[in-house]
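**Q**
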Amino acid sequence: MVESAWRKYWGTTLRAWLPGSAEWLWGWALAIGSTIAFSVLTPLGKMAIDAGVEPTQLSVSRFGVAVLAMGLFLARYAPQKLKIDRRGLLITSAIGVTNGLGSLAFFWSLTRLDASVATILFAVNPLIVLLILALRGEKLTRRHLVRMALALSGVYLLLGVSGHVDGVGVLLVMCGVMGFTGQLVVMQWFLQGYDSHTLTFYVLAGMFGVMGLFWLMQGARWAPIEPVGWLAIGGMGIVGTFCGWLAMFVGIRHIGSGQVALLMPLETLLAVIWSVLFLNERMTSAQTLGSALILLSALLAMQRLMRVRWKPHWRIRLRV
Numbered sequence: 001m002v003e004s005a006w007r008k009y010w011g012t013t014l015r016a017w018l019p020g021s022a023e024w025l026w027g028w029a030l031a032i033g034s035t036i037a038f039s040v041l042t043p044l045g046k047m048a049i050d051a052g053v054e055p056t057q058l059s060v061s062r063f064g065v066a067v068l069a070m071g072l073f074l075a076r077y078a079p080q081k082l083k084i085d086r087r088g089l090l091i092t093s094a095i096g097v098t099n100g101l102g103s104l105a106f107f108w109s110l111t112r113l114d115a116s117v118a119t120i121l122f123a124v125n126p127l128i129v130l131l132i133l134a135l136r137g138e139k140l141t142r143r144h145l146v147r148m149a150l151a152l153s154g155v156y157l158l159l160g161v162s163g164h165v166d167g168v169g170v171l172l173v174m175c176g177v178m179g180f181t182g183q184l185v186v187m188q189w190f191l192q193g194y195d196s197h198t199l200t201f202y203v204l205a206g207m208f209g210v211m212g213l214f215w216l217m218q219g220a221r222w223a224p225i226e227p228v229g230w231l232a233i234g235g236m237g238i239v240g241t242f243c244g245w246l247a248m249f250v251g252i253r254h255i256g257s258g259q260v261a262l263l264m265p266l267e268t269l270l271a272v273i274w275s276v277l278f279l280n281e282r283m284t285s286a287q288t289l290g291s292a293l294i295l296l297s298a299l300l301a302m303q304r305l306m307r308v309r310w311k312p313h314w315r316i317r318l319r320v
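Structural data, given as structure tokens:
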């Protein structure tokens with residue numbers, strides 16, 4: 001009798017425990033999958049550029065593939081998510097323009113910098129978010145200053161005390177950081193009530209649009225692309241963009257954005273590893289130490305971001 005009651009107790013407990021655990025494990029699996037998917041973007045982009053693909057042509061092709069894949073996916077499985085109101089369309093279009101220009105700047109930086117260096121520099125974006133929050137009222141503490149000192153020290157070591165790293169390339173990476181950061185804060189402040197799949201599709205479409213316009217302004221030149229270039233573009237569009245973004249947003253639904261954000265240093269580390277393994281890039285001891293300081297600063301900054309309440313101090317009013 002006691003044994004029967006014991007089995008009944010554990011049966012009920014396991015039935016209650018397993019669904020939640022399965023959801024938790026599934027969320028983490030998706031989050032880690034998106035991290036791996038995002039980590040291939042910079043190495044694949046560098047591979048395509050080294051194969052002769054012009055950065056603007058690369059970006060237009062990559063986002064064209066991603067937008068087509070996501071549009072077909074939503075049309076097949078969730079056509080209602082293709083609908084968006086005028087307010088959401090205006091904001092996502094603005095995000096797409098800003099982040100599209102930032103993405104173009106980042107991939108143009110790969111014509112001047114190693115993929116590993118560009119990736120590590122991009123990892124300062126959580127610190128930039130904290131600085132933006134400080135400008136709008138978030139308290140600037142000593143820990144903020146420590147994080148900033150770690151990041152700046154890391155950047156100094158990464159770029160080399162002799163200053164041989166291309167300054168224009170660094171500036172282009174910083175433009176990419178600002179574009180990505182702008183997307184993050186605007187989506188958190190003004191678009192929390194929208195479906196994540198809908199936002200992803202229209203932001204990607206906006207990025208594709210501004211890149212296409214920039215390409216047309218350059219003369220719409222289309223150089224022949226070698227098979228290795230198309231392989232890189234396909235991997236960036238399907239794996240790094242479509243699958244990465246979709247897995248990230250579904251993972252957030254299961255485990256929360258704060259937990260997903262903690263994986264960003266892992267994404268940076270993986271991107272550097274791929275660059276070293278497949279692009280034969282090498283870093284000096286000083287650059288390795290600088291990279292570690294930047295990653296530590298990013299991790300500390302994201303731990304702080306998990307505790308920030310993303311509420312705007314003003315209201316956005318759009319007449320639609």
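Per this note's numbering, the very first residue in the sequence shown carries number 1; after that it's consecutive.
For glycine and all other residues, C-beta sits at the position ideal for the given N, C-alpha and C.
1. Does DSSP put I32 in a helix, in a strand, or in coil?
2. Based on Cα-Cα distance, which residue from M264, D50, V168 and M217 lies nearest to F106?
3. Is it buried or exposed for M217, if we count other Cβ within 10 angstroms and need 16 for buried?
4. Taking its Cβ as the centre, do 16 or more other Cβ atoms sit within 10 Å of K46, making it buried, or is it exposed?
5. Identify, in the order they occur along the chain, each residue of the same chain with its Cβ nearer than 7 Å to the Cβ of I233, setting aside the five sequence neighbours on each side.
6. What runs of the beta strand (DSSP E), each 3 residues or longer, lie entirely inside the segment 260-301?
7. Return the residue from the list F38, G71 and A118 that minimises the CA-CA distance to D166.
8. Three or more C-beta pairs under 8 Å: does that hold for the segment 110-117 against the segment 281-297?
9. Identify which residue in V250, V228 and S196 has its Cα closest to the Cα of K83.
10. Quick check on L145: buried or exposed, where buried means 16 or more other Cβ atoms within 10 Å of its Cβ?
11. Assuming I294 and V173 form a contact by the criterion Cβ under 8 Å, report the distance between their Cβ atoms to the nearest whole angstrom.
12. Roughly how far, in whole angstroms, is the beta-carbon of L191 from the beta-carbon of L199, given that I think they are within contact range, below 8 Å?
13. Are the beta-carbon atoms belonging to G240 and A37 less than 8 Å from one another?
14. Using beta-carbon positions only, say whether A31 and L263 come within less than 8 Å of one another.
15. Would you tell me roughly how many angstroms separate the C-alpha atoms of I95 and G193, rounded to the nearest one?
16. Using C-beta distances below 7 Å, list every residue in its chain close to L41, excluding the 5 sequence neighbours before and after it, in chain order.
17. For F214, which residues of its own chain have a beta-carbon under 7 Å away from its beta-carbon, when the five flanking residues on both sides are left out?
18. Along the chain, where does the alpha helix (DSSP H) containing K83 start, and where does it finish?
19. If we ignore side chains and look at the alpha-carbon of each, how far apart do R86 and G206 end up?
20. Taking the C-alpha atoms as reference points, what is the distance between S93 and L101?
21. Which of the three DSSP states, helix, strand or coil, is assigned to T42?
22. Is it true that the CB of V97 sits closer than 8 Å to the CB of F208?
23. State the start and end residues of the unbroken alpha helix (DSSP H) segment that holds Y202.
24. Using a Cβ-Cβ cut-off of 7 Å (strictly less than) and excluding sequence neighbours within five positions of G210, which residues of its own chain qualify?
25. Please state the DSSP three-state secondary structure of L131.
26. How long is the line joining the alpha carbons of I255 and L246, rounded to whole angstroms?
27. Output the boundary residues of the alpha helix (DSSP H) element that contains L121.
28. Where do the N-terminal and C-terminal ends of the alpha helix (DSSP H) with W230 fall, by residue?
**A** Based on what the coordinates show:
1. Against the sequence shown, residue 32 aligns to sequence position 32. Note: I32 maps to helix in three-state DSSP.
2. On the sequence shown, residue 106 is found 106 positions in, with the first residue counted as 1. Of the candidates M264, D50, V168 and M217, the one whose C-alpha sits nearest the C-alpha of F106 is V168.
3. By 1-based counting over the sequence shown, the position of residue 217 is 217. With fewer than 16 Cβ atoms within 10 Å of its Cβ, M217 is classed as exposed.
4. Residue mapping note: residue 46 aligns to position 46 of the sequence shown, counting from 1. Per the 10 Å Cβ criterion, buried.
5. Here residue 233 is taken as the residue at index 233 of the sequence shown, counted from 1. Here the set comprises A48, L58, S61, R62 and V65.
6. DSSP runs (the beta strand (DSSP E)) wholly in the segment 260-301: none.
7. Position 166 of the sequence shown, counted from the first residue, corresponds to residue 166. Considering only F38, G71 and A118, the residue with the shortest C-alpha distance to D166 is A118.
8. Touching, per the Cβ criterion.
9. Taking the sequence shown and counting its residues from 1, the one referred to as residue 83 is at position 83. Comparing alpha carbon positions, the residue from V250, V228 and S196 closest to K83 is S196.
10. Translated into the one-based positions of the sequence shown, residue 145 becomes position 145. Label assigned to L145: exposed.
11. By 1-based counting over the sequence shown, the position of residue 294 is 294. By 1-based counting over the sequence shown, the position of residue 173 is 173. Contact between I294 and V173 is absent: CB atoms are separated by about 12 Å, not below the 8 Å threshold.
12. As a position in the sequence shown, residue 191 is number 191, starting the count at 1. As a position in the sequence shown, residue 199 is number 199, starting the count at 1. Between L191 and L199 a beta carbon distance of about 6 Å is seen, short of the 8 Å cut, so the two are scored as contacting.
13. Counting from one through the sequence shown, the residue named residue 240 turns up at place 240. Counting from one through the sequence shown, the residue named residue 37 turns up at place 37. Result yes, Cβ atoms of G240 and A37 sit closer than 8 Å.
14. Position 31 of the sequence shown, counting from 1, holds the residue named residue 31. Position 263 of the sequence shown, counting from 1, holds the residue named residue 263. In this structure, L263 lies closer than 8 Å to A31 by Cβ.
15. By 1-based counting over the sequence shown, the position of residue 95 is 95. By 1-based counting over the sequence shown, the position of residue 193 is 193. Each residue's Cα considered, the two are about 16 Å apart.
16. Within the sequence shown, residue 41 is the residue found at index 41, counting from 1. Residues of the same chain with a CB within less than 7 Å of the CB of L41, apart from the 5 flanking positions on each side, are M236 and G240 in chain order.
17. Numbered from its first residue, the sequence shown carries residue 214 at position 214. Residues T56 and L104 of the same chain have their beta carbon placed closer than 7 Å to that of F214, with the five preceding and five following residues left out of the count.
18. As a working mapping, residue 83 is identified with position 83 in the sequence shown. Where K83 is concerned, there is no enclosing alpha helix (DSSP H), given that its DSSP letter is neither H nor E.
19. The residue given as residue 86 occupies position 86 in the sequence shown. The residue given as residue 206 occupies position 206 in the sequence shown. If you take the alpha carbons of R86 and G206, they lie about 14 Å apart.
20. Position 93 of the sequence shown, counting from 1, holds the residue named residue 93. Position 101 of the sequence shown, counting from 1, holds the residue named residue 101. Inter-residue distance for S93 and L101 is about 12 Å (C-alpha atoms, whole angstroms).
21. One-based indexing of the sequence shown puts residue 42 at position 42. It is helical.
22. Residue numbering aside, residue 208 sits at position 208 when the sequence shown is read from its first letter. Residue numbering aside, residue 97 sits at position 97 when the sequence shown is read from its first letter. No, Cβ-Cβ distance for F208 and V97 is not below 8 Å.
23. Here residue 202 is taken as the residue at index 202 of the sequence shown, counted from 1. Element bounds for Y202: S196 to M217.
24. The residue given as residue 210 occupies position 210 in the sequence shown. The sequence shown places Val at residue 210, rather than the Gly named in the question. The answer, listed in chain order, is G96, V97, G100 and L101.
25. Here residue 131 corresponds to residue number 131 of the sequence shown, with the count starting at 1. Three-state result, L131: helix.
26. Working through the sequence shown from its first residue, we reach residue 255 at position 255. Working through the sequence shown from its first residue, we reach residue 246 at position 246. For the pair I255 and L246, the Cα-to-Cα distance works out to about 15 Å.
27. Your numbering for residue 121 matches position 121 in the sequence shown. Unbroken alpha helix (DSSP H) run through L121: A115 to F122.
28. Taking the sequence shown and counting its residues from 1, one reaches residue 230 at position 230. Per DSSP, W230 belongs to the alpha helix (DSSP H) from P227 to G234.
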